[in-house]
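Undergrad: In my numbering, the protein residues as written are 2 to 261.
We put the CB at the ideal spot given by N, CA and C, even for glycine.
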Ligand code: IPD
Ligand code: CA
Ligand code: CA
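#1: Can you list, in chain order, the residues of its chain whose CB lies under 7 Å from that of residue 150, leaving out five sequence neighbours each side?
#2: In the DSSP assignment, find the unbroken beta strand (DSSP E) run with residue 58 in it and report its ends.
#3: Pair every Cβ in the stretch 115-122 with every Cβ in the stretch 142-157, then say whether three or more of these pairs are closer than 8 Å.
#4: Are the CB atoms of residue 105 and residue 92 within a distance shorter than 7 Å?
#5: Ignoring anything shorter than 4 residues or poking outside the stretch 123-182, list the alpha helix (DSSP H) runs there in chain order.
#6: Would you say residue 1 touches ligand 1, meaning its beta carbon is less than 6 Å from a heavy atom?
#7: Note down, in chain order, each residue of its chain lying with its Cβ closer than 7 Å to the Cβ of residue 221, except the 5 sequence neighbours on either side.
#8: Report the three-state DSSP secondary structure of residue 221 (helix, strand or coil).
#9: Tell me the DSSP secondary structure of residue 189 in three-state form.
#10: Give the C-beta separation of residue 43 and residue 94 to the nearest angstrom, bearing in mind that I take them to be a contact with Cβ-Cβ under 8 Å.
#11: For ligand 1, any of its heavy atoms closer than 6 Å to the Cβ of residue 213?
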């Protein structure tokens, strides 16, 4: 059977609305918290149980698809051939643990390497951003219009705090050339902001599951998503990513080019 983007979109919306409902119940419960790459890279029992559940449901519905996921329940994916699902069960785990707010869950789907369908739930606000190139982008049932193609100086930027603090890739100059810096601590919510035109740039080191859904939705709305060299991103690698309006991304690339 050949899956259509509309079928997968319906499947993702249904799945993430159930995930959202569970996580809203879990957010104030006691959590088992472990660290991964460092003290600020957290994983909880809820990240693991959510991913296990989501991966199981995808495998049941799409047995021929492969799954790239954060906590190890997916496959060892080395090719973008066919349907590939990218799962971030809780995006913004630090916010989930410390703020009990401002976290997301995301699933991005690619077909033969091309963006196909993406869905991001802003869990505490119960808003799902979903769609793809054949569908358009929706906030729940409402279709979103493409953001205005603003330049860097006319817009706010979101850049991950560690990158700005270290002035990595000339990020302090990028901030200086913009209307100001914002930091959210959750890639999924940043993509929500970009889709709504609230900021013009997102710059961060992202892993495949941090990027997959947001890239589908951003590109569908005419936003650009590139590496620091201005080249297309590789969905099976982690990299610094610049996403935003075409004009602002082109302004940032000129500034990044001057970095040592
Ligand atoms: C993290 C968040 C954060 C971003 C990190 C991600 P996680 O995801 O999206 O905003 O700066 O790079 O790893 O680990 O909470 O899923
Ligand atoms: Ca995560
Ligand atoms: Ca993430």
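TA: Working from what's here:
#1: Position 149 of the chain shown, counted from the start, is the residue given in the question as residue 150. Taken in chain order, the residues that qualify are 246, 247, 248.
#2: The count along the chain shown starts at 1 and reaches residue 58 at position 57. Note, residue 58: premise wrong, no beta strand (DSSP E); alpha helix (DSSP H) at 46-62.
#3: no
#4: Walking along the chain shown from the start, residue 92 turns up at place 91. Walking along the chain shown from the start, residue 105 turns up at place 104. The answer is yes: Cβ separation under 7 Å.
#5: 162-166, 172-177
#6: What is shown of the chain runs 2 to 261, which leaves residue 1 out entirely.
#7: Along the chain shown, read from residue 1 onward, the residue named residue 221 stands at position 220. Excluding sequence neighbours, residue 221 sits near 132, 133, 134, 137, 138.
#8: What you label residue 221 is simply residue 220 of the chain shown in a count that begins at 1. Residue 221: helix per DSSP, three-state reduction.
#9: Translated into positions along the chain shown, residue 189 becomes position 188. Reduced to three states, the DSSP call for residue 189 is helix.
#10: Counted from its first residue, the chain shown places residue 43 at position 42. Counted from its first residue, the chain shown places residue 94 at position 93. So it is a contact: roughly 5 Å between Cβ atoms.
#11: Counting from one through the chain shown, the residue named residue 213 turns up at place 212. Because no heavy atom of ligand 1 lies under 6 Å away, the Cβ of residue 213 does not count as near it: no.
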